[in-house]
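>
Residue numbers (my numbering): 2 to 256.
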């Protein structure tokens, strides 16, 4: 029986610790290829570099990984013309830093998964790990190092969820947006994303520069939202699809 083939990508670079974790987990039961950005590309959303760019290979955790000097979206597009075999699923991440609520709009991790599904007709997962409040480590470059304790958490539960998705993806097309809380848990819950501005993204404007204000709006979040589920120390899983059409309004306008 042929093993499933998984494309592993993301915005933390091919040397991202979370990407290495996914590689360590899936190599036990699947074939895979790691194709991701050359450098840290967090919060670039769906950006594409239409002028092109360089690509190359390097050994990451004993595997010949492919890097693309561009965005996560570039890495996904590159992968489908580089690979000899179409992936059965795409896994973007594990990202260092949660992608809940409205942060999915800015996320390179989520955008890569969405591109795989919407543009390449491949079920995908966007997987992220919460960081402490006001922690800016999600912007750091990665060296290719790996902490073995990650194989316990989130590794054990991550393997279970990936295997669940592999089975589910046989009959469903979309993205599972998966957010692990920072503290160890063995629980997960399927929940909605309401985009209630958990990250207000307000800007402080100075005389010659602007800075984003590091703040959170937990009070406005619905009790069943992905934000609240994650903050309750449960892995939040949201099935998502790309369809911006307001069908109710469209039908009204057509009448």
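Glycine included, each C-beta is placed from N, C-alpha and C at the ideal position.
Could you check the C-alpha separation between residue 236 and residue 196 for me, to the nearest Å?
Taking the chain shown and counting its residues from 1, the one referred to as residue 236 is at position 235. Taking the chain shown and counting its residues from 1, the one referred to as residue 196 is at position 195. C-alpha separation (whole angstroms): 18 angstroms.
> By alpha-carbon positions, which one of 101, 38 and 89 ends up nearest to residue 75?
The residue you call residue 75 lines up with position 74 of the chain shown. The residue with the shortest Cα to Cα distance from residue 75 is 38.
> Could you please give me the residues that DSSP links to residue 211 through a beta bridge?
In the chain shown, counting from the first residue as 1, residue 211 sits at position 210. Residue 211 is bridged to 206.
> Helix, strand or coil: which one does DSSP assign to residue 33?
Residue 33 sits at position 32 when you count from the first residue of the chain shown. Correct three-state label for residue 33: strand.
> Taking the beta carbon of residue 168 as the centre, do at least 16 other beta carbons fall within 10 Å, making it buried, or is it exposed?
Taking the first residue of the chain shown as 1, we reach residue 168 at position 167. Classification of residue 168: exposed, given that the 10 Å Cβ count is below 16.
> In its own chain, which residues sit with a C-beta less than 8 angstroms from the C-beta of residue 60, not counting the 5 before and 5 after it?
Here residue 60 corresponds to residue number 59 of the chain shown, with the count starting at 1. So the qualifying residues of the chain are 66.
> Provide the residue span of the beta strand (DSSP E) that contains residue 65, from first to last.
The residue given as residue 65 occupies position 64 in the chain shown. First-last of the beta strand (DSSP E) with residue 65: 64 to 69.
> Nearest CA to the CA of residue 113: which residue from 150, 160 and 36?
On the chain shown, residue 113 is found 112 positions in, with the first residue counted as 1. Considering only alpha carbons, the answer is 36.
> For residue 177, list the residues DSSP reports as bridge partners.
Numbered from 1 along the chain shown, position 176 holds the residue referred to as residue 177. Its beta-bridge partners are 126 and 240.
> Quick check on the DSSP output: the alpha helix (DSSP H) that includes residue 157 runs from which residue to which?
Taking the first residue of the chain shown as 1, we reach residue 157 at position 156. Residue 157 -> alpha helix (DSSP H) spans 156 to 169.
> Alpha carbon to alpha carbon, how far is residue 77 from residue 68? Give it in angstroms, no decimals.
Numbered from its first residue, the chain shown carries residue 68 at position 67. Numbered from its first residue, the chain shown carries residue 77 at position 76. When rounded, the distance between both Cα atoms is 11 angstroms.
> Keeping to the same chain, check which residues put their C-beta closer than 8 angstroms to that of residue 50; ignore five residues upstream and five downstream.
Locating residue 50 in the chain shown gives position 49, where the first residue counts as 1. Counting only Cβ-Cβ distances below 8 angstroms, and skipping sequence neighbours, we find 71, 72 and 75.
> When you compare only the Cα positions, how much space is there between residue 31 and residue 151?
Translated into positions along the chain shown, residue 31 becomes position 30. Translated into positions along the chain shown, residue 151 becomes position 150. About 19 angstroms.
> Classify residue 82 as buried or exposed, calling it buried when 16 or more other Cβ atoms lie within 10 Å of its own Cβ.
Residue mapping note: residue 82 aligns to position 81 of the chain shown, counting from 1. Note on residue 82: under 16 other CB atoms within 10 angstroms of its CB, so exposed under the neighbour-count rule.
> Along the chain, where does the alpha helix (DSSP H) containing residue 50 start, and where does it finish?
Translated into the one-based positions of the chain shown, residue 50 becomes position 49. Neither: residue 50 is in no alpha helix (DSSP H) and is coded neither H nor E.
> For residue 246, which three-state DSSP category applies?
Here residue 246 corresponds to residue number 245 of the chain shown, with the count starting at 1. Residue state, collapsed to three classes: coil.
> Taking a contact to mean a Cβ-Cβ separation below 8 angstroms, would you say residue 21 touches residue 88 in this structure?
Counting from one through the chain shown, the residue named residue 21 turns up at place 20. Counting from one through the chain shown, the residue named residue 88 turns up at place 87. By the CB criterion at 8 angstroms, residue 21 and residue 88 fall outside the cutoff.
> Quick check: the Cα distance between residue 96 and residue 107, rounded to an integer number of angstroms?
Position 95 of the chain shown, counting from 1, holds the residue named residue 96. Position 106 of the chain shown, counting from 1, holds the residue named residue 107. When rounded, the distance between both Cα atoms is 13 angstroms.
> In its own chain, which residues sit with a C-beta less than 6 angstroms from the C-beta of residue 58, not counting the 5 before and 5 after it?
Translated into the one-based positions of the chain shown, residue 58 becomes position 57. Answer for residue 58: 65 and 67, listed in chain order.
> Identify every residue that forms a DSSP beta bridge with residue 190.
On the chain shown, position 189 is the one that residue 190 refers to. Answer is 237, bridged to residue 190.
> Since residue 23 and residue 128 are thought to touch, with beta carbons under 8 angstroms apart, how far apart are those beta carbons, to the nearest angstrom?
Indexing the chain shown from 1 puts residue 23 at position 22. Indexing the chain shown from 1 puts residue 128 at position 127. About 7 angstroms separates the two Cβ atoms, so the contact holds.
> For residue 185, which option in 53, 164 and 159 has the closest C-alpha, if you only look at C-alpha atoms?
Numbered from its first residue, the chain shown carries residue 185 at position 184. Of the listed residues, the one whose Cα sits closest to residue 185 is 159.
> Per DSSP, what kind of secondary structure is residue 145 in: helix, strand or coil?
Stepping through the chain shown from its first residue, residue 145 is reached at position 144. Residue 145: coil per DSSP, three-state reduction.
> State the start and end residues of the unbroken beta strand (DSSP E) segment that holds residue 91.
Numbered from 1 along the chain shown, position 90 holds the residue referred to as residue 91. Per DSSP, the continuous beta strand (DSSP E) segment holding residue 91 begins and ends at 90 to 97.
> Kindly give me the distance between the Cβ atoms of residue 102 and residue 226, rounded to whole angstroms, as I take these residues to be in contact under 8 angstroms.
The residue labelled residue 102 in the question sits at position 101 within the chain shown. The residue labelled residue 226 in the question sits at position 225 within the chain shown. With a Cβ gap of about 7 angstroms, residue 102 and residue 226 count as contacting.
> Out of curiosity, what's the CA-to-CA distance linking residue 215 and residue 234?
The sequence position of residue 215 within the chain shown is 214, counting from 1. The sequence position of residue 234 within the chain shown is 233, counting from 1. Roughly 22 angstroms separates the two Cα atoms.
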